[in-house]
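Chains as they are written, first to last, in numbering that gives the first Met the number 0: chain A, 0 to 333; chain B, 0 to 333; chain C, 0 to 333; chain D, 0 to 333. Backbone N, C-alpha and C define an ideal beta-carbon position, used for all residues, glycine too. Predicted model only: the values in this text are computed from it and were never measured.
There are 4 protein chains.
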Amino acid sequence: MTVRFAVLGAGRIGKVHARAVSGNSAAKLVAVADAMAPAAEALAAEYGCEVRAIEAIEAASDIDAVVICTPTDTHSDLIERFVKAGKAVFCEKPVDLSVARVKECLKVVEAEKGRLMVGFNRRFDPHFGAVRKAIDDGSLGEVEMVTIVSRDPGAPPISYIERSGGIFRDMTIHDFDMARFLLGEEPVAVTAHAAVLTDKAIGEAGDYDSVNVMLETASGKQCVISNSRRATYGYDQRVEVLGSKGMAAAENQREVSIEVATGAGFTRPPLLDFFMNRYPAAYSAEIAAFIDAIGSGAPMSPSGEDGLLALALADAALKSVKEGRKVQVSEITG
Amino acid sequence: MTVRFAVLGAGRIGKVHARAVSGNSAAKLVAVADAMAPAAEALAAEYGCEVRAIEAIEAASDIDAVVICTPTDTHSDLIERFVKAGKAVFCEKPVDLSVARVKECLKVVEAEKGRLMVGFNRRFDPHFGAVRKAIDDGSLGEVEMVTIVSRDPGAPPISYIERSGGIFRDMTIHDFDMARFLLGEEPVAVTAHAAVLTDKAIGEAGDYDSVNVMLETASGKQCVISNSRRATYGYDQRVEVLGSKGMAAAENQREVSIEVATGAGFTRPPLLDFFMNRYPAAYSAEIAAFIDAIGSGAPMSPSGEDGLLALALADAALKSVKEGRKVQVSEITG
Amino acid sequence: MTVRFAVLGAGRIGKVHARAVSGNSAAKLVAVADAMAPAAEALAAEYGCEVRAIEAIEAASDIDAVVICTPTDTHSDLIERFVKAGKAVFCEKPVDLSVARVKECLKVVEAEKGRLMVGFNRRFDPHFGAVRKAIDDGSLGEVEMVTIVSRDPGAPPISYIERSGGIFRDMTIHDFDMARFLLGEEPVAVTAHAAVLTDKAIGEAGDYDSVNVMLETASGKQCVISNSRRATYGYDQRVEVLGSKGMAAAENQREVSIEVATGAGFTRPPLLDFFMNRYPAAYSAEIAAFIDAIGSGAPMSPSGEDGLLALALADAALKSVKEGRKVQVSEITG
Amino acid sequence: MTVRFAVLGAGRIGKVHARAVSGNSAAKLVAVADAMAPAAEALAAEYGCEVRAIEAIEAASDIDAVVICTPTDTHSDLIERFVKAGKAVFCEKPVDLSVARVKECLKVVEAEKGRLMVGFNRRFDPHFGAVRKAIDDGSLGEVEMVTIVSRDPGAPPISYIERSGGIFRDMTIHDFDMARFLLGEEPVAVTAHAAVLTDKAIGEAGDYDSVNVMLETASGKQCVISNSRRATYGYDQRVEVLGSKGMAAAENQREVSIEVATGAGFTRPPLLDFFMNRYPAAYSAEIAAFIDAIGSGAPMSPSGEDGLLALALADAALKSVKEGRKVQVSEITG
């Protein structure tokens, strides 16, 4: 069976998914849509597919699944429309910046018995996957502490930051999902510190660029997340899990693994410097998992609920910063 | 000039310092004291020095400096006695478990114009020292975030834990001092999470075994400390500093640097598994710095004040756990 | 311009090249040929191309280039036929097992002004390429010593070994080419040791499984190559260059970069264990370079001459083993 | 029992051994001798021992053992004198630069039932020792191939080189001994390449600065040794053993284990740059082994025979370079 796809949104992340869909032998990219005609046309030309309007895709009988890569504020509406249209829906994170709106949207999905997968690509990274495997096979014993360091090479434009919902909902949200993926137990309380250290303009836009978060589960398992919007040495993406029997850690990735030694020392190249070259395997595996779940009818994972819970942790972290206290996740999820 | 020493306390840490003093060509170990005569005699025999009573050492004209390695609850009294006796005093951390008592003690030291150095050995570790050097020489730019992972191979006996003042004052205190050493700015607020994950008996003794702490300075610099009382793979001691220009990290230490590769993978040995074999160079350098400061008259570092501030951070962390909120250090130091 | 390809030979390496051609947006895989019809059909089905006979491909007007992946003893004949047919030819190493036959074949190529590229894929590996770049940009100063370790996870079947021309012509030949790629000067003398250590059957087939080779250029630059047909820990592929100013080394590659630490030590996974998963990027870049050279008319590299010289080094190494002496390359090339 | 020592020769290596002897609690450094009175006096002052003439040490009843650190051409004479005087003798490598003279000397030692240990310090390096342990405990299976890279940070003065016996007898000799230590079987044939690449003056002095050597045992086990007199990045000392079950490798050593990451990459410091700071633990363990053997009466190891065999391999390597052929060790040892 070949799953016939439309990609909604032909921006940066739309391109990433168009590539992943095209490279999957069980998928066919049929159409792309974008409010900006030239963007849609360029992407369609690159992959030899059609440009169609959203409405046409909704009504199309030759499209089984959509990948939503449009601006965040359109996500929940599009999810609702496309589950109602009977399409399988893959939506980039986040479902929405409002927990209430996400809940509403997920109710629609449920009522329609819709199929929804949310795009937390890092779960599909082979390195992080191998850490999870070390947990699952018992090598680490009981998980006790998860440590996540996630630093971007540089901040996005201020215009992006202003619409992003803030660092916790835009950047840390990936780490919240990774924490849930690795802890094996739901976080119940969150404490966070946040500061503006790399660029004052980020602070003027009402956001932070340097944050640390601690999570805690009901049984006391701990997680620490450390984020910065700037790392001169590349895209720093590390996870580490301490368990009763041992520890597993995923190392950073480089384009080439060489070392040059001189009187100044032994130097390895900087890290890969962008999510698009750091995570191509993850994006491919993510789409493959979506296709598999469509085929098998198995539950989609990460689910809409996963999207909701990561967002709730982001809201809790922000509340913790604002109020200077530990915040229960239940305060957010109600 | 040779500095003539007495070591007070012939237990584990007393032995460490006796070895460091004996190995220093500018020092002479003249006497040891211990309430347990056999312990004192064994140590004296090993280094060819005398056993003397505390009072005799206080009065001795052939002793210039003392190293206080007795139980914590005797530290502040002994500091006061020996500065009054005109000896240079090196005291193992902590000065006392009570901030109030430490303040009182430091007033006595000041009034006597006494010379006091507090034993935060890790400042003298060559690896951590090299990280500090990378800060000082500007390689990292402005310091933004310090990350400290410190995990013991295993917990001390419950009897020790009961008298330890708790994990923050006993174990994390080293990391609080390291944070201050690396941040280059005083932490003003502390938030902490704490749990009992490795051994219920530790919880029954009123303590924790797994803690995470976030610190923040007035200008917003961040620090995260992560502790566990158990690491099956050895004594895990890492520091990492992120700055505006780059990052520096100190790696863990092993007894031997080999790798064995088989079908099961590439395996390096576990880490050194004890503070006594992880930090011998640090203990030697620490005593050397004490001797240098005695000779030069320069300020002792780490000072009594450093001891006080690390203890205040420990108290703040504990208060944060108890009250579920961010605690200002000024709430502790008054 | 799209270059239209036929792949001759649908075996293991034929598949590798079919994948590389198909994945290149400037290429189109038109046909495959194989004496074994089912193999050709399977490959054609996988990539949606035709099965054709060699003769049909030779005569086809819709094919610009061929990739020769047939058994070694057909390589030189096919090269001659296809350059005469006006096709650009990419031939897997070696051109032939006989230096004399290679020379004859290259004369035909030259007479026909044919375009021939020989498949030494490792030159296109990004890691080895980065080492070469460190030479070219002057970071290492004058090259003095090249060290190549190349160990297969396991030996090929004895039936393969019997037709392979022996380890020097089958396996070390890649390292001879790499040595030439990195030395920047032609080797003039060769000395080798060889033994049978992993499997007696290899010796009974008249071959060796464990060899070491030293090369030397006219100006005295040195190279050491170390090969084994068995490495339990994976496909061990390292190069290292020592120069007057420094050293560059390419590290081995793994599927995932994680480390698991327990009381038994810190373990990273074994290496990638097959040339097909170790070198996919190299095979893609190699075909891309072939396509570029077709388009630009620039000299093909590695050339037929490169194929000849690597083979000559292999012959010289074998002669050195047989005669227990240093062999001049000129003794082979005449 | 305390072994009472004299150190003969107060130069660089004499100081190394004086320190090792002084730091051993089972030893007492009683006297030093040196033709240069100021050197002897300085060393005696540093360790609080006497200066004595060689003859006085020979006759002394308060000296049990001597460490010979005088110029090479005096070694064999001194060994003979001191075994005749009934002292246990530790002699720095080499026993002599002439195989014939070494044989003669060892006959005297045997006739006198003398105790002689030869100084191949690297056998006592904990990292190399751990590799040997991985062989001994069966982790690697049958040893097949040993790879030794040994590069000095820089060449010694030409005046030293002129009296050194050449790079094979002066530098590679350590690697020959290491090869024997790791192969577990005696090398029977040697082939070598040699060049002058780092400094023409070395060639004018009749020596080489860049050499590679291949060794082979009776059963076909292989070893490769690669030497250079220059490595800008420090003292490069690596050994690697490939066996039927796996591989073990010892990594290089640094003063501090930190990494600094910037936009230019991840940089670790250069290696330790001198044998005196790279091998202090080895020198201490070596003297401890000597003392142990004196006490227990067990055979000394490395023995005079070990010194002879390493020298024979050096002579064979030189002969191989001169004659451009594989040389049987029996051609040298007769």
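- [ ] Just mark Glu258 (chain A) as buried or exposed, buried being the case when its beta carbon has 16 or more other beta carbons within 10 Å.
- [x] The residue labelled residue 258 (chain A) in the question sits at position 259 within the first sequence. Flag for Glu258 (chain A) reads buried.
TODO: Tell whether a beta-carbon distance below 8 Å holds between Val88 (chain C) and Val94 (chain C).
DONE: Translated into positions along the third sequence, residue 88 (chain C) becomes position 89. Translated into positions along the third sequence, residue 94 (chain C) becomes position 95. No, Cβ-Cβ distance for Val88 (chain C) and Val94 (chain C) is not below 8 Å.
Open item on the list: Does any residue of chain A have a CB that is nearer than 8 Å to the CB of Val195 (chain B)?
Closed with: Residue mapping note: residue 195 (chain B) aligns to position 196 of the second sequence, counting from 1. Yes, Val195 (chain B) lies at the interface with chain A (some Cβ there is under 8 Å from its Cβ).
Open item on the list: Against chain B, does Tyr232 (chain C) count as a neighbour if the rule is that its beta carbon must be under 8 Å from one of theirs?
Closed with: Here residue 232 (chain C) refers to the residue found at position 233 when the third sequence is read from its first residue. It does: the Cβ of Tyr232 (chain C) has a partner Cβ on chain B nearer than 8 Å.
TODO: Would you kindly check if the distance between the Cβ of Ala26 (chain B) and the Cβ of Val2 (chain B) is under 8 Å?
DONE: Residue numbering aside, residue 2 (chain B) sits at position 3 when the second sequence is read from its first letter. Residue numbering aside, residue 26 (chain B) sits at position 27 when the second sequence is read from its first letter. Cβ distance < 8 Å, so Val2 (chain B) and Ala26 (chain B) count as in contact.
Task: Inter-residue spacing [alpha-carbon to alpha-carbon] between Leu77 (chain C) and Val66 (chain C) - done: If you number the third sequence from 1, residue 77 (chain C) lands on position 78. If you number the third sequence from 1, residue 66 (chain C) lands on position 67. When rounded, the distance between both Cα atoms is 10 Å.
Task: Closest residue to Ser158 (chain A) among A:Phe274, A:Ala59, A:Gly202 and A:Val50 (Cα-Cα distance) - done: Start at 1 with the first residue of the first sequence, and residue 158 (chain A) comes out as number 159. Comparing Cα-Cα distances from Ser158 (chain A) to each of A:Phe274, A:Ala59, A:Gly202 and A:Val50, the minimum goes to A:Gly202.
TODO: Run down chain D in chain order and give the residues with a C-beta less than 8 Å from the C-beta of Glu250 (chain B).
DONE: Against the second sequence, residue 250 (chain B) aligns to sequence position 251. Chain D residues near Glu250 (chain B): Ser256, Ile257 and Glu258.
Task: Any chain A beta carbon closer than 8 Å to Lys86 (chain C) - done: Sequence index remark: in the third sequence, residue 86 (chain C) carries index 87 (1-based). With 8 Å as the cut-off, Lys86 (chain C) does not count as an interface residue toward chain A.
Open item on the list: Do Gly22 (chain B) and Cys68 (chain B) count as a contact pair if the criterion is CB distance below 8 Å?
Closed with: Along the second sequence, read from residue 1 onward, the residue named residue 68 (chain B) stands at position 69. Along the second sequence, read from residue 1 onward, the residue named residue 22 (chain B) stands at position 23. It is not a contact, given that the beta carbons lie outside the stated cut-off.
Open item on the list: Between the alpha carbons of Glu184 (chain C) and Val238 (chain C), how many angstroms are there, rounded?
Closed with: For the purposes of this step, residue 184 (chain C) is taken as residue 185 along the third sequence, with counting starting at 1. For the purposes of this step, residue 238 (chain C) is taken as residue 239 along the third sequence, with counting starting at 1. Rounded to the nearest angstrom, the two C-alpha atoms are 17 Å apart.
Task: Residue closest to Ala178 (chain B), alpha-carbon to alpha-carbon, out of B:His126, B:Arg122, B:Val195 and B:Ala191 - done: Position 179 of the second sequence holds residue 178 (chain B). Nearest of B:His126, B:Arg122, B:Val195 and B:Ala191 to Ala178 (chain B), Cα basis: B:Arg122.
- [ ] Grab me the residues of Leu42 (chain A)'s own chain with a C-beta within less than 7 Å of its C-beta, minus the 5 sequence neighbours each way, in chain order.
- [x] Here residue 42 (chain A) corresponds to residue number 43 of the first sequence, with the count starting at 1. Hits under 7 Å: Ala9, Gly13, Lys14, Ala17 and Val31.
Open item on the list: Against chain B, does Gly303 (chain C) count as a neighbour if the rule is that its beta carbon must be under 8 Å from one of theirs?
Closed with: Numbered from its first residue, the third sequence carries residue 303 (chain C) at position 304. Answer no: the Cβ-Cβ gap between Gly303 (chain C) and chain B never drops below 8 Å.
Open item on the list: Could you check whether the stretch 95–114 of chain B touches the stretch 310–327 of chain B, counting it as contact only if at least three pairs of C-beta atoms, one from each stretch, sit closer than 8 Å?
Closed with: yes
Task: Residues bridged to Glu49 (chain B) [DSSP beta-bridge criterion] - done: Looking up residue 49 (chain B) in the second sequence gives position 50. DSSP lists B:Ala30 as partners of Glu49 (chain B).
Open item on the list: Am I right that Arg105 (chain C) and Glu330 (chain C) are in contact with their C-beta atoms under 8 Å? What's the rounded C-beta distance?
Closed with: As a working mapping, residue 105 (chain C) is identified with position 106 in the third sequence. As a working mapping, residue 330 (chain C) is identified with position 331 in the third sequence. The question names Arg, yet the displayed sequence has Leu at residue 105 (chain C). Rounded, the Cβ-Cβ distance is 19 Å, inconsistent with contact.
Open item on the list: Considering only their Cβ atoms, is the gap separating Val189 (chain D) from Tyr207 (chain D) smaller than 8 Å?
Closed with: By one-based count along the fourth sequence, residue 207 (chain D) stands at place 208. By one-based count along the fourth sequence, residue 189 (chain D) stands at place 190. Cβ atoms of Tyr207 (chain D) and Val189 (chain D): not closer than 8 Å.
TODO: Tell me whether Ile134 (chain C) sits in a helix, a strand or coil according to DSSP, three-state version.
DONE: Residue mapping note: residue 134 (chain C) aligns to position 135 of the third sequence, counting from 1. Helix, per DSSP.
Open item on the list: If the cut-off is 9 Å on Cβ atoms, which residues from the stretch 266–280 of chain A count as contacting chain D, listed in chain order?
Closed with: Thr266, Arg267, Pro268, Pro269 and Leu270
- [ ] Count the other C-beta atoms from every protein chain shown that fall within 10 angstroms of the C-beta of Asn251 (chain D), then say buried if there are 16 or more, exposed otherwise.
- [x] Taking the first residue of the fourth sequence as position 1, residue 251 (chain D) is located at position 252. Buried.
TODO: Could you work out which residue in C:Val20, C:Val145, C:Cys48 and C:Glu79 is closest to Ala249 (chain C) when comparing CA atoms only?
DONE: Working through the third sequence from its first residue, we reach residue 249 (chain C) at position 250. The shortest Cα separation from Ala249 (chain C) among C:Val20, C:Val145, C:Cys48 and C:Glu79 belongs to C:Val145.
Open item on the list: What does DSSP give as the partner residue(s) for Val258 (chain D) in the beta ladder?
Closed with: Position 259 of the fourth sequence holds residue 258 (chain D). Note on identity: in this sequence residue 258 (chain D) is Glu, with Val being the wrong assignment. Paired residues: B:Ala248.
Open item on the list: Within a Cβ cutoff of 6 Å, which residues of the same chain sit near Pro335 (chain C), ignoring the five residues on either side of it in sequence?
Closed with: Since the first residue shown for chain C is 0 and the last is 333, residue 335 (chain C) is missing from the structure and cannot be characterised.
Task: Residue closest to Gly233 (chain C), alpha-carbon to alpha-carbon, out of B:Val223, B:Gly294 and B:Ala260 - done: Against the third sequence, residue 233 (chain C) aligns to sequence position 234. Of the candidates B:Val223, B:Gly294 and B:Ala260, the one whose C-alpha sits nearest the C-alpha of Gly233 (chain C) is B:Ala260.
Open item on the list: Could you give the first and the last residue of the continuous beta strand (DSSP E) run that contains Gly264 (chain C)?
Closed with: In the third sequence, counting from the first residue as 1, residue 264 (chain C) sits at position 265. First-last of the beta strand (DSSP E) with Gly264 (chain C): Gly264 to Arg267.
Open item on the list: So the candidates are D:Ala55, D:Ser24 and D:Ala19; which of them puts its Cα closest to the Cα of Asp33 (chain D)?
Closed with: Residue numbering aside, residue 33 (chain D) sits at position 34 when the fourth sequence is read from its first letter. Residue D:Ala55 is the option with its Cα nearest to Asp33 (chain D).
Open item on the list: For Asn276 (chain B), report the span of its alpha helix (DSSP H) as first-last.
Closed with: Taking the second sequence and counting its residues from 1, the one referred to as residue 276 (chain B) is at position 277. Phe274 to Arg277 is the span of the alpha helix (DSSP H), which, as asked, contains Asn276 (chain B).
Task: Option nearest Gly164 (chain A) by Cα separation, candidates A:Pro70, A:Phe127 and A:Ser227 - done: Here residue 164 (chain A) is taken as the residue at index 165 of the first sequence, counted from 1. For the residues A:Pro70, A:Phe127 and A:Ser227, the minimum Cα distance to Gly164 (chain A) belongs to A:Pro70.
- [ ] Determine, using beta carbons only, whether Gly264 (chain D) comes closer than 8 Å to chain A.
- [x] Walking along the fourth sequence from the start, residue 264 (chain D) turns up at place 265. True, the Cβ-Cβ gap to chain A drops below 8 Å.
Open item on the list: Determine, for Glu215 (chain C), whether the minimum Cβ-Cβ distance to residues of chain D falls below 8 Å.
Closed with: Mapped onto the third sequence, residue 215 (chain C) falls at position 216. Glu215 (chain C) counts as touching chain D.
Task: Asp176 (chain B) - containing alpha helix (DSSP H), residue span - done: Along the second sequence, read from residue 1 onward, the residue named residue 176 (chain B) stands at position 177. Its alpha helix (DSSP H) spans residues Ile172 to Leu182.
Open item on the list: With the cut-off set at 8 Å, would you say Lys220 (chain B) and Glu143 (chain B) are in Cβ contact?
Closed with: Along the second sequence, one-based indexing puts residue 220 (chain B) at 221. Along the second sequence, one-based indexing puts residue 143 (chain B) at 144. The answer is yes: Cβ separation under 8 Å.
TODO: Would you kindly work out how many angstroms separate the C-alpha atoms of Ser218 (chain C) and Lys199 (chain D), rounded to a whole number?
DONE: If you number the third sequence from 1, residue 218 (chain C) lands on position 219. If you number the fourth sequence from 1, residue 199 (chain D) lands on position 200. One C-alpha to the other measures close to 12 Å.
- [ ] List the residues of chain B whose Cβ lies closer than 9 Å to the Cβ of Met246 (chain D), in chain order.
- [x] Residue mapping note: residue 246 (chain D) aligns to position 247 of the fourth sequence, counting from 1. What Met246 (chain D) touches in chain B: Glu258, Val259, Ala260, Thr261 and Phe265.
Task: Alpha carbon of Glu40 (chain B) to alpha carbon of Ile62 (chain B), nearest angstrom - done: To locate residue 40 (chain B), count along the second sequence from 1; it is residue 41. To locate residue 62 (chain B), count along the second sequence from 1; it is residue 63. If you take the alpha carbons of Glu40 (chain B) and Ile62 (chain B), they lie about 18 Å apart.
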